[in-house]
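Novice:
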Amino acid sequence: MSVNLHGIQNNVDPSIEFKCKLISLDDSDRIVDFHPVYETEIYNFHSDSWKNIVDSTPEGDMQYFKQGVSLKGNTYWFARKYVIYEGGQEAWVSFLICFDFTTERFGPRLTLPFDYSTKESVSLSSAREEQLVLLYQPWFTMRMEIWVSNKIELNAVSWIKFLEVNMITFPHYRFSFHHVSFFIDKKNKVVVVLDKDKETRSRNLGYFIGEDGYFKEVELGGSRDRNGYPFVFSYVPSSVQF
Numbered sequence: 001m002s003v004n005l006h007g008i009q010n011n012v013d014p015s016i017e018f019k020c021k022l023i024s025l026d027d028s029d030r031i032v033d034f035h036p037v038y039e040t041e042i043y044n045f046h047s048d049s050w051k052n053i054v055d056s057t058p059e060g061d062m063q064y065f066k067q068g069v070s071l072k073g074n075t076y077w078f079a080r081k082y083v084i085y086e087g088g089q090e091a092w093v094s095f096l097i098c099f100d101f102t103t104e105r106f107g108p109r110l111t112l113p114f115d116y117s118t119k120e121s122v123s124l125s126s127a128r129e130e131q132l133v134l135l136y137q138p139w140f141t142m143r144m145e146i147w148v149s150n151k152i153e154l155n156a157v158s159w160i161k162f163l164e165v166n167m168i169t170f171p172h173y174r175f176s177f178h179h180v181s182f183f184i185d186k187k188n189k190v191v192v193v194l195d196k197d198k199e200t201r202s203r204n205l206g207y208f209i210g211e212d213g214y215f216k217e218v219e220l221g222g223s224r225d226r227n228g229y230p231f232v233f234s235y236v237p238s239s240v241q242f
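The end of the sequence shown is residue 242 by UniProt numbering, with every number in the run present.
(1) Starting from GLY222, follow its DSSP beta bridges and name the residues at the other end.
(2) Can you tell me the Cα-Cα spacing of residue 272 and GLY213, whole angstroms?
(3) Tell whether a beta-carbon distance below 8 Å holds between SER122 and PHE78.
(4) Return the first residue and the last residue of the beta strand (DSSP E) that VAL190 is part of.
(5) The beta strand (DSSP E) spanning ASP185 covers which residue range?
(6) Three-state secondary structure (DSSP) at ASP27?
(7) Return helix, strand or coil for MET167, following the three-state DSSP convention.
(8) What is the DSSP secondary structure of GLY88, counted as helix, strand or coil?
(9) Looking at the strands, I want to know which residues DSSP matches up with VAL148.
(10) Pick helix, strand or coil for ASN155, following the three-state DSSP scheme.
(11) Starting from VAL122 and walking both ways along the beta strand (DSSP E), at which residues does that stretch end?
(12) Comparing C-alpha positions only, which one of PRO138, PHE106 and ASN155 sits nearest to GLU41?
(13) Is the distance from the Cβ of PRO108 to the Cβ of GLU59 below 8 Å?
(14) Just the C-alpha distance for ARG143 and LYS186, rounded to the nearest angstrom, thanks.
(15) Pop quiz: ALA127 and VAL148 are said to be a contact at Cβ under 8 Å. What is the actual Cβ separation, rounded to whole angstroms?
(16) Taking 8 Å as the CB-CB limit, is TYR207 close to chain B?
(17) Tell me which same chain residues have a C-beta within less than 6 Å of the C-beta of residue 298, skipping the five on either side of it?
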């Protein structure tokens with residue numbers, strides 16, 4: 001039996017608005033608004049107007065519930081696609097997708113140094129507006145990997161492993177959030193991960209994790225929302241005022 005779901009969104013009650021936003025800033029004055037039904041708009045702060053982008057559909061299913069990253073005027077998100085190979089083998093393929101604000105188009109898939117499942121922790125960050133950074137914690141092992149891009153082009157990206165840590169010795173070896181917020185200290189080779197306390201959900205914590213068993217836990221204060229997770233946004237100091 002086969003079911004054709006093409007156009008199913010047109011049969012939804014008009015009083016229901018299905019709108020999941022992914023908003024990321026570039027270096028100037030625009031944001032991109034993406035809807036899971038593959039409708040893309042760009043908002044211009046100067047003109048206070050929206051521009052509908054046609055004929056630009058991202059490949060695969062964008063992981064809109066994971067944090068995107070703006071880097072050098074482009075925006076990156078995780079995406080997955082279900083593929084059937086020759087011979088009938090089926091699998092989910094994971095990759096990054098980029099929105100180029102210059103061409104106002106989504107680019108081709110960008111390879112990841114690993115393939116992840118929905119049970120595993122995977123997050124995206126940046127390093128000083130120069131490099132993309134990946135955090136990966138496989139479900140079937142107790143290790144955590146940090147990868148940094150050493151080349152970024154519109155059609156290709158390559159990665160080097162920045163840090164790999166055996167998490168079994170740490171008190172919180174498994175993060176409570178599958179897409180934690182984090183940043184790295186390249187000089188000291190440390191990753192800082194923001195998470196919730198597993199016992200007291202209103203407590204926000206920062207974990208400093210490095211080589212040779214280095215671990216430090218920092219209290220970040222409490223929050224009224226027990227289900228809300230802390231996020232960190234990298235900022236490179238400049239003379240520009242906000």
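Every residue gets a Cβ at the ideal spot worked out from N, C-alpha and C, and that includes glycine.
Just so it is clear, the structure is predicted and the values come from calculations on it, not from any experiment.
Specialist: If we stick to the structure as given:
(1) Locating residue 222 in the sequence shown gives position 222, where the first residue counts as 1. Its beta-bridge partners are ARG203.
(2) Because residue 272 is not part of the residues shown, which for the chain are 1 to 242, the question remains open.
(3) By 1-based counting over the sequence shown, the position of residue 122 is 122. By 1-based counting over the sequence shown, the position of residue 78 is 78. Checking the sequence shown, residue 122 turns out to be Val, not Ser. Against a cut-off of 8 Å, the Cβ pair of PHE78 and VAL122 comes out as a contact.
(4) For the purposes of this step, residue 190 is identified with residue 190 of the sequence shown, where counting begins at 1. 190-196 is the extent of the beta strand (DSSP E) around VAL190.
(5) The sequence position of residue 185 within the sequence shown is 185, counting from 1. Start and end: 181-185.
(6) Locating residue 27 in the sequence shown gives position 27, where the first residue counts as 1. At ASP27 the pLDDT is 49, less than 50, meaning the model places this residue with poor confidence; the figure from the coordinates comes in the next sentence. Secondary structure of ASP27 (DSSP, three-state): coil.
(7) What you label residue 167 is simply residue 167 of the sequence shown in a count that begins at 1. MET167 sits in a helix when the DSSP states are folded into three classes.
(8) Here residue 88 is taken as the residue at index 88 of the sequence shown, counted from 1. Three-state DSSP puts GLY88 in coil, outside helix and strand.
(9) On the sequence shown, position 148 is the one that residue 148 refers to. Its beta-bridge partners are VAL133 and ILE160.
(10) To locate residue 155, count along the sequence shown from 1; it is residue 155. Residue state for ASN155 is assigned as coil, using DSSP reduced to three classes.
(11) What you label residue 122 is simply residue 122 of the sequence shown in a count that begins at 1. Per DSSP, VAL122 belongs to the beta strand (DSSP E) from 121-127.
(12) Mapped onto the sequence shown, residue 41 falls at position 41. For the residues PRO138, PHE106 and ASN155, the minimum Cα distance to GLU41 belongs to PHE106.
(13) For the purposes of this step, residue 108 is identified with residue 108 of the sequence shown, where counting begins at 1. For the purposes of this step, residue 59 is identified with residue 59 of the sequence shown, where counting begins at 1. Contact annotation: PRO108 and GLU59 have beta-carbon atoms nearer than 8 Å.
(14) Working through the sequence shown from its first residue, we reach residue 143 at position 143. Working through the sequence shown from its first residue, we reach residue 186 at position 186. Approximately 19 Å between the Cα atoms of the pair.
(15) By one-based count along the sequence shown, residue 127 stands at place 127. By one-based count along the sequence shown, residue 148 stands at place 148. Correct: roughly 6 Å between the Cβ atoms.
(16) Included in the structure is just one protein chain, with no chain B present.
(17) Given that the chain is displayed from residue 1 to residue 242, the structure contains no residue 298 and the question cannot be resolved.
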